[in-house]
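According to the working numbering, the sequence shown holds residues 81 to 306 in order. This report concerns only the one structure given below.
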Amino acid sequence: MHLLIPAAGSGKRMGADRNKLLLQVRSKPLIAWTLLAAEAASSITWIGIVSQPPDWDDFKAIIADLKLKKTIELIPGGSTRQESVYNGLQALPTNAAQVLIHDGARCLATPNLFNACSEAILKCSGLIAAISVKDTIKVVDENGIIKSTPERKQLWAAQTPQGFDVKLLKQCHAEGVRQGWEVTDDAALFEKCGMEVRIVPGEETNLKITTPQDLAIAEFILSYRE
Ligand code: CTP
Ligand code: MG
């Protein structure tokens, strides 16, 4: 299975002086944990890291340090996550029929989750890891007034990996460019094109590291695993 890792953000909400994926968690750069999980997932054979060229020296040093055995390519990132994935899709080897896309910032996903998604995408054309939400979610207007309360059992929190048929996802991205759609995950493009996306059970600990608090939680989870 081919895996694309969007890693080209700047980590604005983290408020650090560099890409949050280069910050240390449990004595390793955050992205190193993501790469170690991908390396340990037996289903993954090829990894493309979509990232900004100014970060490449750092990424190369991390890859060398981890002594990873899998084929890893660095692909130039775009100005949004959507553009970064678009670039990643163009850089896939021509024999890639399916692809998993996994945010570099989700450094706690386990090898089992990658393998479950790799297996499931052979039987459908689009999927995402997701978990059912525990909170009651409110739809609120710009004045802070609640408009509605969607039924909780229909609500799922989207994670990555997200898996797709490569040809179909490329078509959806191209349609997104034509229509000017701006989305925060690839499943949304698939949905907008009227295609079915399945849920694969995600992991409660598969957090997207976004703020300094998340970094502290990741430290805790990784030390607990050790
Ligand atoms: N990403 C990317 N290209 C971009 C923006 C984001 O590849 N132009 C990646 C990030 O590196 C991250 C993933 O998409 O692994 C999810 O994005 P997010 O958590 O929002 O990361 P950042 O965009 O870096 O953070 P922020 O939104 O706080 O600036
Ligand atoms: Mg972002």
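The beta carbon of each residue, even a glycine, is placed where N, CA and C say it ideally should be. Note that the structure is a prediction, hence the values are computed from the model and not measured.
If you run the structure through DSSP and keep just helix, strand and coil, what is Arg278?
Reduced to three states, the DSSP call for Arg278 is strand.
Going by beta-carbon coordinates alone, are Gln178 and Gly157 separated by less than 7 Å?
No, Cβ-Cβ distance for Gln178 and Gly157 is not below 7 Å.
Taking the Cβ atom as the reference point for each residue, do Ala176 and His253 lie within a distance shorter than 7 Å?
Result no, Cβ atoms of Ala176 and His253 do not sit closer than 7 Å.
On the criterion of 16 or more Cβ atoms from any shown chain inside 10 Å, does Ile225 qualify as buried, or is it exposed?
Its Cβ having fewer than 16 others within 10 Å, Ile225 is exposed.
By Cβ distance below 8 Å, which residues in the same chain neighbour Glu271 in space, the five residues on each side in sequence not counted?
Counting only Cβ-Cβ distances below 8 Å, and skipping sequence neighbours, we find Val277.
Quick one: does the C-beta of Val213 sit closer than 6 Å to a heavy atom of the ligand CTP?
No, Cβ of Val213 sits at least 6 Å from all heavy atoms of the ligand CTP.
Is it buried or exposed for Ser164, if we count other Cβ within 10 angstroms and need 16 for buried?
When all chains shown are included, Ser164 counts as buried.
Considering Ala237, what are the terminal residues of the alpha helix (DSSP H) in which it resides?
First-last for Ala237: 236-245, but that is the beta strand (DSSP E), not the alpha helix (DSSP H).
To the nearest angstrom, how far is the alpha carbon of Trp136 from that of Ala144?
So the alpha carbons of these two residues sit roughly 12 Å apart.
Decide if Asp265 is buried, meaning its Cβ has at least 16 other Cβ atoms within 10 Å, or exposed.
It is buried - the Cβ of Asp265 has at least 16 other Cβ atoms within 10 Å.
What are the complete alpha helix (DSSP H) segments, minimum 4 residues, inside the region 137-191?
Qualifying alpha helix (DSSP H) stretches, in chain order: 161-170.
What's the C-alpha gap between Ala185 and Glu119?
Those two C-alpha atoms are separated by around 16 Å.
Whole-angstrom Cβ separation of Gly282 and Gln239, contact assumed at under 8 Å?
About 4 Å; that satisfies the 8 Å criterion.
Could you pull the start and end residues of the alpha helix (DSSP H) that Ile297 belongs to?
Looking at the DSSP string, the run of the alpha helix (DSSP H) that includes Ile297 is 292-305.
According to the neighbour-count rule (16 or more other Cβ atoms, all chains shown, within 10 Å of its Cβ), is Phe194 buried or exposed?
When all chains shown are included, Phe194 counts as buried.
Less than 7 Å separating the beta-carbons of Glu284 and Arg106?
No. Outside cutoff.
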